[in-house]
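For the sequence shown, position 202 (counting from the first letter as 1) is numbered 229 according to our numbering, and the numbering increases by one without interruption.
Using N, Cα and C, we set each Cβ at its ideal position, and we do this for glycine too.
This structure is a prediction, so every number in the text was calculated from the model and none was measured.
Following: one structure in structure tokens, then a few remarks.
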Amino acid sequence: MHNVVISGTGLYTPANSISNDELVASFNAYVQQFNADNAEAIARGEIEALSESSSGFIEKASGIKSRFVIDKDGILDPQRMVPRIPERSNDEWGILCQMSVAAAHQALERAGKTVADIDGVIVACSNLQRAYPAVAIEVQAALGIDGWGYDMNVACSSATFGIQAATTAIQTGQARAIHMVNPEICTGHPNCRDGDSHCIFGDDATG
């Protein structure tokens, strides 16, 4: 059985980030508008008034001070509060592929490997943009990697399951080296109008 090591790692982070102060300002603007629009129903006890958040609460509850995001404006717009991710044409790489490739280049460089050394690609993440064709096939094509590729979705454990699958493939002689990448666009997951969870997620890719 072959010994397996992580020979290199890569990280892609979007250009934009949102601080707790920025996130709180947007959330509190939404809360104030909601309470104003529903003042009569709140007074009658039909619905509960929303409570404002604070940067201190977010940091104490989560330890988070800032998060990288694919789209800042859409998340911070109190009338929207979800990221805007434009649809891409079929002749463009998808956004998960773009993120994965950026992380892959860094991982390959740090590992001292070329695409010729890689026998397979595993894309493991909590929210794939489509069921098929696999995002891993896109990543293979973008990087020029031969061999096989497939996607995995194991929710929050996707990256750990991806590493385990890559390890098993190498241990059993199915591959010499695997590129496992974990591209995550998580800012579309939470309800940004919920003060308990709107602060948790950001976006990035690791390879």
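Secondary structure of residue 83 (DSSP, three-state): helix.
Pairwise C-beta distances place the segment 40-60 in contact with the segment 77-85, as three or more of them are shorter than 8 Å. In this structure, the straight-line span from the alpha carbon of residue 166 to that of residue 66 is close to 51 Å.
By the C-beta density criterion, residue 135 is buried, having at least 16 other C-beta atoms within 10 angstroms. Residue 217 and residue 109 have their C-alpha atoms spaced approximately 9 Å apart.
A residue is called buried when at least 16 other Cβ atoms come within 10 angstroms of its Cβ; residue 113 does not meet this threshold and is exposed. Contact between residue 122 and residue 205 does not hold, since the beta-carbon distance rounds to 23 Å and is not under 8 Å. Per DSSP, residue 141 lies in no alpha helix (DSSP H) and is assigned neither H nor E. Inclusion of residue 229 and residue 94 in the CB contact set at 8 Å is warranted, their separation being smaller than that value. Listed in chain order, the non-local C-beta contacts of residue 120 below 8 Å within the same chain comprise 128, 165, 169, local neighbours out to five positions each way being set aside. Annotation for residue 188: the continuous alpha helix (DSSP H) segment containing it runs 185-198.
Per DSSP, residue 231 is one residue of the beta strand (DSSP E) stretching across 230-233. With 16 or more other Cβ atoms inside 10 Å of its own Cβ, residue 186 counts as buried. A residue is called buried when at least 16 other Cβ atoms come within 10 angstroms of its Cβ; residue 160 does not meet this threshold and is exposed.
According to the DSSP secondary-structure assignment, residue 131 is paired through a beta bridge with no residue. Annotation: the continuous alpha helix (DSSP H) that includes residue 57 extends over 47-64.
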